[in-house]
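S.K.: The structure under discussion is supplied below as C-alpha cells; questions concerning it will follow.
Protein chains: 2
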Amino acid sequence: MDLLPLPAPGATPICVMTIAGSDSGGAAGLQSDLRTFALAGVHGTCAVTAVTVQNSLGVTGFHPVPPPTVAAQIRAVASDIGVSAAKTGMLADAGIIAAVADTASDIGLGQRIPFLVDPVSASHHGEPLLTPEAFELLVGRLFPLATIVTPNLDEVRLLTGIDVVDDATQRDAARALHATGPRWVLVKGGHLRTAVTSTDLLYDGSDFVEFEAQRIETQHDHGAGDTLGAAVTCALAEGMSVPDAVAFGKEWVTRSLAAAYPLGAGHGPVSASWRLREQPPA
Amino acid sequence: MDLLPLPAPGATPICVMTIAGSDSGGAAGLQSDLRTFALAGVHGTCAVTAVTVQNSLGVTGFHPVPPPTVAAQIRAVASDIGVSAAKTGMLADAGIIAAVADTASDIGLGQRIPFLVDPVSASHHGEPLLTPEAFELLVGRLFPLATIVTPNLDEVRLLTGIDVVDDATQRDAARALHATGPRWVLVKGGHLRTAVTSTDLLYDGSDFVEFEAQRIETQHDHGAGDTLGAAVTCALAEGMSVPDAVAFGKEWVTRSLAAAYPLGAGHGPVSASWRLREQPPA
Numbered sequence: 000m001d002l003l004p005l006p007a008p009g010a011t012p013i014c015v016m017t018i019a020g021s022d023s024g025g026a027a028g029l030q031s032d033l034r035t036f037a038l039a040g041v042h043g044t045c046a047v048t049a050v051t052v053q054n055s056l057g058v059t060g061f062h063p064v065p066p067p068t069v070a071a072q073i074r075a076v077a078s079d080i081g082v083s084a085a086k087t088g089m090l091a092d093a094g095i096i097a098a099v100a101d102t103a104s105d106i107g108l109g110q111r112i113p114f115l116v117d118p119v120s121a122s123h124h125g126e127p128l129l130t131p132e133a134f135e136l137l138v139g140r141l142f143p144l145a146t147i148v149t150p151n152l153d154e155v156r157l158l159t160g161i162d163v164v165d166d167a168t169q170r171d172a173a174r175a176l177h178a179t180g181p182r183w184v185l186v187k188g189g190h191l192r193t194a195v196t197s198t199d200l201l202y203d204g205s206d207f208v209e210f211e212a213q214r215i216e217t218q219h220d221h222g223a224g225d226t227l228g229a230a231v232t233c234a235l236a237e238g239m240s241v242p243d244a245v246a247f248g249k250e251w252v253t254r255s256l257a258a259a260y261p262l263g264a265g266h267g268p269v270s271a272s273w274r275l276r277e278q279p280p281a
Numbered sequence: 000m001d002l003l004p005l006p007a008p009g010a011t012p013i014c015v016m017t018i019a020g021s022d023s024g025g026a027a028g029l030q031s032d033l034r035t036f037a038l039a040g041v042h043g044t045c046a047v048t049a050v051t052v053q054n055s056l057g058v059t060g061f062h063p064v065p066p067p068t069v070a071a072q073i074r075a076v077a078s079d080i081g082v083s084a085a086k087t088g089m090l091a092d093a094g095i096i097a098a099v100a101d102t103a104s105d106i107g108l109g110q111r112i113p114f115l116v117d118p119v120s121a122s123h124h125g126e127p128l129l130t131p132e133a134f135e136l137l138v139g140r141l142f143p144l145a146t147i148v149t150p151n152l153d154e155v156r157l158l159t160g161i162d163v164v165d166d167a168t169q170r171d172a173a174r175a176l177h178a179t180g181p182r183w184v185l186v187k188g189g190h191l192r193t194a195v196t197s198t199d200l201l202y203d204g205s206d207f208v209e210f211e212a213q214r215i216e217t218q219h220d221h222g223a224g225d226t227l228g229a230a231v232t233c234a235l236a237e238g239m240s241v242p243d244a245v246a247f248g249k250e251w252v253t254r255s256l257a258a259a260y261p262l263g264a265g266h267g268p269v270s271a272s273w274r275l276r277e278q279p280p281a
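The listed protein sequences correspond, in order, to chains A and B.
Quick note: the first sequence uses numbering that gives the first Met the number 0, first residue 0, plus one each step.
Quick note: the second sequence uses numbering that gives the first Met the number 0, first residue 0, plus one each step.
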C-alpha cells in the first residue's frame, strides 16, 4: 500500500487528535489510536475521556474524566498546536458528550477540520458503555457535526434498529444513519460473520461506495475499529477525500488484522507494527 | 544503531508498562512512552495516573485518577497480559504513589521484573508536580523497589541538595541517590547546559559507567526524559543488562532529539519517528 508521506526530519508533521478513553491493556482506545498515529508518522494529540481498567478478558473498572477537563484538553491543543483532523472514541457519559459537542463546534471540528465520529457504545466484550441519555446526545449533537460516522453492525442496530444481514439492509442502514446529519456514513461490515469478504459501505446521501477486503479470520481483532478510524483520520488530515481516506484506512486495518497477535487469555489486538517491516517511503 | 528484534508477524511481542500521566499535547507523558513502545515494536500497556491539560506552552489543568483505579489498572495488566518491564512517569500525588508502591511490590516490579523509576517532580516548564509528602513517599517507598532511577539535574537537586556542575558533583549525586535504595542510578547530564557533550552517569554502588553523546542543540526537547526511560524499559524487557539498556536508550533519545520538531508556540517534542525511515531489521 502507499504509505502517507513523512515530513522532512525536523519538520513538524501534521497534527491529529483523538478524543477517547484509555485501555490499560493497550489494545484499543487511545492507546490504539496513538499507535496508529505514531506508525503513520503524524503527531498525535489526545483528550482523555475516561480511564478504563481493562485487559484481554474485559473491562473491570471505569473512571470518567470531568467534562470541563475533557473540554479543556481539546481547547489547549486546538489553541496552540492546532488540529488537522480529529476522531472520537469512547465518550463515556452524557456530560462528556455535551462538552465534546460544545468544544468541537467552537474550534471548527466538522466544519473546516475533518471530524470522524466513531459511535462507540459497547465494549469489545459487549458491556454497554453509554446510557440511553448519552446515546441520544451522541446522535443528536455529534452526528450533525461529523464529517463521517463509522458504526459497526452492533452499533448500527442500536442506532437504527436495522439488523444488517445483506447488501440491501446495509444500504437501508446507511440511509437511516445519513438522515441523522453526518456528511458521510461508513457502515462497517466486519461483524457480518457469514460473509467471506468484509465489505464496508460508504454513503454521502447520494452515492454508495463499497470497500471490500478479504476477511481475516482471527479472534484477535481488539482495537480494529479504532485502528480503522485512526488511519482514516490521518488520511483526512493529509487532505485526502473521504473515499480515498476510507480506502487508506481499510488497507491499514486489513494489514493490521493480518498482523494481530495473541495477548493474555482473551482477545488480542490488531497491530499496525507491520509498518516497522516496511521499506521507508522515498 | 542496532534496533530491538521484531517478533515474527502474528507472534506476541514483549509487553511493557508505563505508569504515567497523560499530556494532551502528545509531547511527553504516556503519549511519549507509548510512541517509543510502538516504534520499538513492543506492546505497550498503561496505567494512567493523571490527566493533564497541556500544550507546548505549559500545563493549565490537572485531574488525578483515584489511587484504587491506578492500582487496578496495574493489576489488570499484570494478571492477564503480563509485564516484562515497567516504568513510572508523573505519579501526581501521595495517594497514587502509595498505591503504585503497594501494587508494584505485589506483582514483583523491581524483583523479577525490571522497574525503572523516573522521579518526575516538575513539569518541563518548571511547575512543581509533587507535594513534599508525595516526594518523600517517592523516595522512601519507590526508590528501594527500583531497578534503576533516572533523575535529571533539577530532580537531583531536589532529591539530594547537590548542584551538579562537573564530574565530581555528578558522582557525589550518584552516590547519595544510590544510598536511598535503588539497584542502579542514572544521573542524566542533559540539563548541564555548559557542557558540549551530554554525559549520563550510571552507578550501581561500586562502578561508574559514563554514557556520552554529542549535545543536540534544540529548544524542542519536550519528552526527552520519558523517551530515554521508555527506550531503556524496552531494552530491559528484552533481557539486556542495565548498562546495555542505558546505552540503547541513550542512542534512541539522541536520535530522537536530532529529529525533534517545532510544535505550537513553545517547546516541541523529541521524536522517535526517525524509526520510520530505517530499513527494517533482517
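Positions of the beta carbon are idealized from the N, C-alpha and C atoms, including for glycine.
Would you mind sorting A178(A) into buried or exposed? The rule is 16 or more other CB atoms within 10 Å of its CB.
M.R.: Per the 10 Å Cβ criterion, exposed.
S.K.: Following the continuous alpha helix (DSSP H) through Q30(B), name the residue where it begins and the one where it ends.
M.R.: From DSSP, the alpha helix (DSSP H) with Q30(B) extends over 28-39.
S.K.: Using only CA atoms, which one of G188(B), E154(B), G81(B) lies nearest to I13(B)?
M.R.: Checked all of G188(B), E154(B), G81(B); the closest Cα to I13(B) is G81(B).
S.K.: Assuming V69(A) and T59(A) make a contact with CB atoms under 8 Å, what is their CB distance in whole Å?
M.R.: V69(A) to T59(A), Cβ: 23 Å. No contact.
S.K.: I'd like to check one pair, T226(A) with S31(A): are the Cβ atoms closer than 7 Å?
M.R.: Yes, the pair counts as a contact, with Cβ atoms nearer than the cut-off.
S.K.: Going by beta carbon distance, what residues of the same chain come within less than 8 Å of P188(A), once the five residues before and after it are set aside?
M.R.: As written in the sequence, residue 188(A) is Gly, which differs from the Pro given in the question. Only L152, V163, Q169, A194, S197, T198, D199, L200 meet the Cβ criterion.
S.K.: Can you tell which of L275(B), P279(B), W183(B) has its C-alpha closest to the C-alpha of R276(A)?
M.R.: Nearest of L275(B), P279(B), W183(B) to R276(A), Cα basis: P279(B).
S.K.: Would T87(B) pass as a contact of I18(B) if the rule is Cβ separation under 7 Å?
M.R.: In contact: T87(B) and I18(B) (Cβ atoms closer than 7 Å).
S.K.: Could you say if the region 128-145 of chain B and the region 243-254 of chain B meet the contact criterion of at least three C-beta pairs nearer than 8 Å?
M.R.: The region 128-145 of chain B vs the region 243-254 of chain B: no contact.
S.K.: Under DSSP, the alpha helix (DSSP H) around P225(B) begins and ends at which residues?
M.R.: Reading the sequence as shown, one finds Asp at residue 225(B) and not Pro. Counting along the chain, the alpha helix (DSSP H) containing D225(B) begins and ends at 223-236.
S.K.: Can you determine whether any heavy atom of the ligand SAH sits closer than 6 Å to the C-beta of R170(B), and answer yes or no?
M.R.: Looking for the ligand SAH in the displayed structure turns up nothing, as the structure carries no ligands at all.
S.K.: Can you give the Cα-Cα distance for A44(A) and D206(B), rounded to whole angstroms?
M.R.: Ala is not the amino acid found at residue 44(A); the sequence shown has Thr there. Looking at the two C-alpha atoms, the distance is approximately 41 Å.
S.K.: Does the distance from the CB of G267(B) to the CB of H219(B) come in under 7 Å?
M.R.: The answer is yes: Cβ separation under 7 Å.
S.K.: By Cβ distance below 8 Å, which residues in the same chain neighbour P67(A) in space, the five residues on each side in sequence not counted?
M.R.: So the list reads A98, once near-sequence residues are dropped.
S.K.: So, A246(A) versus V15(A), is the Cβ gap smaller than 7 Å?
M.R.: No, Cβ-Cβ distance for A246(A) and V15(A) is not below 7 Å.
S.K.: Where does P4(B) land, buried or exposed, given buried means 16+ other C-beta within 10 angstroms?
M.R.: With fewer than 16 other Cβ atoms within 10 Å, it is exposed.
S.K.: Less than 6 Å between C-beta atoms, sequence neighbours within five positions excluded: which residues of the same chain meet that for A244(A)?
M.R.: If we look at A244(A) and ignore the five residues flanking it on each side, its Cβ neighbours are V231, A234, L235.
S.K.: Can you list, in chain order, the residues of its chain whose CB lies under 6 Å from that of P63(B), leaving out five sequence neighbours each side?
M.R.: Around P63(B): A49, A91, D92.
S.K.: Examine chain A for any beta-carbon lying closer than 7 Å to the beta-carbon of L152(B), and answer yes or no.
M.R.: Taking Cβ atoms only, chain A never reaches closer than 7 Å to L152(B), which makes this a no.
S.K.: Mapping the DSSP letters down to three states, classify V64(B) as helix, strand or coil.
M.R.: Correct three-state label for V64(B): coil.
S.K.: Just to confirm, is the Cβ distance from S23(A) to V76(B) under 7 Å?
M.R.: Contact: yes.
S.K.: Find out if the Cβ-Cβ distance for the pair A37(B), L38(A) is shorter than 7 Å.
M.R.: Closer than 7 Å, so yes.
S.K.: Classify E211(B): buried if its beta carbon has 16 or more other beta carbons within 10 angstroms, exposed otherwise.
M.R.: E211(B) is exposed by the Cβ-count criterion.
S.K.: G228(B) and T149(B): beta carbons closer than 7 Å?
M.R.: Result yes, Cβ atoms of G228(B) and T149(B) sit closer than 7 Å.
S.K.: Need the endpoints of the beta strand (DSSP E) that S21(B) sits in, please.
M.R.: Segment 14-22, the beta strand (DSSP E) holding S21(B).
S.K.: Give a yes or no on whether the C-beta atoms belonging to I147(B) and L185(B) are separated by under 7 Å.
M.R.: Result yes, Cβ atoms of I147(B) and L185(B) sit closer than 7 Å.
S.K.: Based on DSSP bridge pairs, tell me the residues matched to E209(A).
M.R.: Answer by DSSP bridge pairing, in chain order: L200(A).
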